[in-house]
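A short worksheet on the structure shown next.
Residue numbers (the numbering used here), protein chains in the order written: chain A, 7 to 228; chain B, 2 to 94.
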């Protein structure tokens with residue numbers, strides 16, 4: 007008999023619940039064969055999540071630092087407020103992490119995302135970078151897996167480059183015009199711009215599908 | 002396109018408002034059209050059921066698990082359960 011593992015998931019709030027099919031018959035413990043329960047073994051990088059994100063920041067994929075036991079994240083109190091911080095043991099890389107720049111952290115679930123640098127210093131043989139990210143009532147244990155990307159461009163001011171194709175930028179123009187029309191109470195205008203926005207977005211989608219398209223009515227599927 | 006040019010096209014001079022709405026537009030696009038795809042890996046911990054989703058995620062596209070229904074350690078998509086399993090987990094939410 008095959009010894010393959012079989013998983014399934016469901017979503018609860020901002021978390022994903024991963025369950026594994028029971029592959030042993032253990033009626034004595036009240037668990038029946040094929041019933042789902044929590045994963046029974048550890049797998050490094052076992053979950054691969056594919057998702058979409060808003061491209062209001064872009065990062066250099068090569069210039070990164072891996073988290074480990076000597077390069078970890080935790081939380082620290084600065085002036086009575088808990089912030090997320092990064093420690094690199096035994097190296098001085100404080101100049102890499104410039105105050106008010108951003109870093110993008112991946113692969114650590116809740117704390118993944120963009121973080122603005124509050125302070126960066128080399129002290130006691132370690133580099134300590136404090137982020138502007140508040141940590142509320144969480145006693146974090148050291149986060150030692152994940153990746154920090156430290157060359158990040160974010161939308162901040164008028165000189166920032168928008169990370170959209172020129173075609174999608176047109177859709178964004180319509181969207182922002184619609185929102186501004188809505189703010190001023192011009193609802194007809196808002197509807198018009200939203201219609202144009204969806205039209206451009208739809209054309210963008212269509213441009214990526216080639217060849218013949220088949221459409222069948224509901225009745226034919228029966 | 003730079004934000005400056007974008008603001009000229011929109012016809013506004015308020016940078017903060019334009020950038021805020023531009024970010025909204027980018028999120029909306031990714032719910033509707035999946036323009037920017039990202040991938041993240043999380044390690045499975047024995048006995049742990051709940052895992053945090055990435056904060057920057059707008060829309061989940063797929064969940065794949067290493068070794069799901071195969072012996073080659075390849076990643077395969079897993080199904081979503083319609084109902085929660087009867088066996089609860091001690092780590093809570």
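Heads up, the beta-carbon is just placed ideally off N, CA and C, and yes, glycines get one too.
Anticipated Cβ contact below 8 Å, residue 78/A with residue 149/A, distance rounded:
6 Å
If you run the structure through DSSP and keep just helix, strand and coil, what is residue 229/A?
Here chain A covers residues 7 to 228 and nothing more, so residue 229/A does not appear.
Which word fits residue 181/A, buried or exposed, when buried means at least 16 other C-beta atoms lie within 10 angstroms of its C-beta?
buried
Can we say the region 65-80 of chain B touches the region 126-134 of chain A, given the rule of at least three CB pairs closer than 8 Å?
no
Does DSSP classify residue 188/A as helix, strand or coil?
helix
Starting from residue 23/A and walking both ways along the beta strand (DSSP E), at which residues does that stretch end?
21-27
Can you give me the Cβ contacts of residue 35/B inside the same chain, cut-off strictly under 8 Å, excluding the 5 residues immediately before and after it?
60, 62
Taking 8 Å as the cut-off, decide whether the C-beta atoms of residue 187/A and residue 199/A are in contact.
yes
So, under 8 Å CB-CB, residue 92/A and residue 82/A are touching, yes? Tell me the CB distance rounded to an integer number of Å.
Wrong, their Cβ atoms sit about 10 Å apart, outside the cutoff.
Distance check for residue 111/A and residue 152/A, CA to CA, integer angstroms please.
Rounded to the nearest angstrom, the gap between the Cα atoms of residue 152/A and residue 111/A is 7 Å.
Span separating the alpha-carbon of residue 137/A from that of residue 55/B:
18 Å
Do we get a CB-CB distance below 8 Å when we pair residue 75/B with the residues of chain A?
no
In or out: residue 80/B buried (at least 16 other Cβ within 10 Å) or exposed?
It is exposed - the Cβ of residue 80/B has fewer than 16 other Cβ atoms within 10 Å.
Kindly indicate which residue of 115/A, 207/A, 191/A has the alpha-carbon position closest to the one of residue 20/A.
Check the Cα spacing between residue 20/A and each of 115/A, 207/A, 191/A: the tightest is with 115/A.
Proximity winner among 127/A, 42/A, 158/A, relative to residue 66/A (alpha-carbon distances)
158/A
Pick out whichever of 167/A, 80/A, 59/A has its Cα sitting closest to the Cα of residue 29/B.
59/A
Under 7 Å by beta carbon: chain B residues contacting residue 99/A:
Here the premise fails: no neighbours, minimum Cβ distance about 24 Å.
According to the Cβ coordinates, are residue 168/A and residue 8/B closer than 8 Å?
no
Using Cβ-Cβ distances below 9 Å, what residues of the region 72-95 of chain A are close to chain B?
none
Of the listed residues 221/A, 204/A, 61/A, 41/A, nearest to residue 1/B (C-alpha basis):
Residue 1/B is absent from the model: chain B starts at 2 and stops at 94.
Quick check: what's the CA-CA separation for residue 64/B versus residue 51/B?
14 Å
Express the C-alpha separation of residue 49/A and residue 179/A in angstroms, rounding to a whole number.
Roughly 45 Å separates the two Cα atoms.
Out of 215/A, 185/A, 26/A, state which residue places its alpha-carbon closest to the alpha-carbon of residue 87/B.
26/A
Quick check on DSSP: helix, strand or coil for residue 108/A?
strand
Which residues DSSP lists as bridging residue 58/A, in chain order
38/B, 60/B
With 16 as the cutoff for other CB atoms within 10 Å, does residue 86/A come out buried or exposed?
With fewer than 16 other Cβ atoms within 10 Å, it is exposed.
Counting only beta-carbon separations shorter than 8 Å, does residue 7/A have a partner in chain B?
With a pLDDT of only 45 at residue 7/A, under 50, the local geometry of the prediction cannot be trusted, and no value is derived from it.
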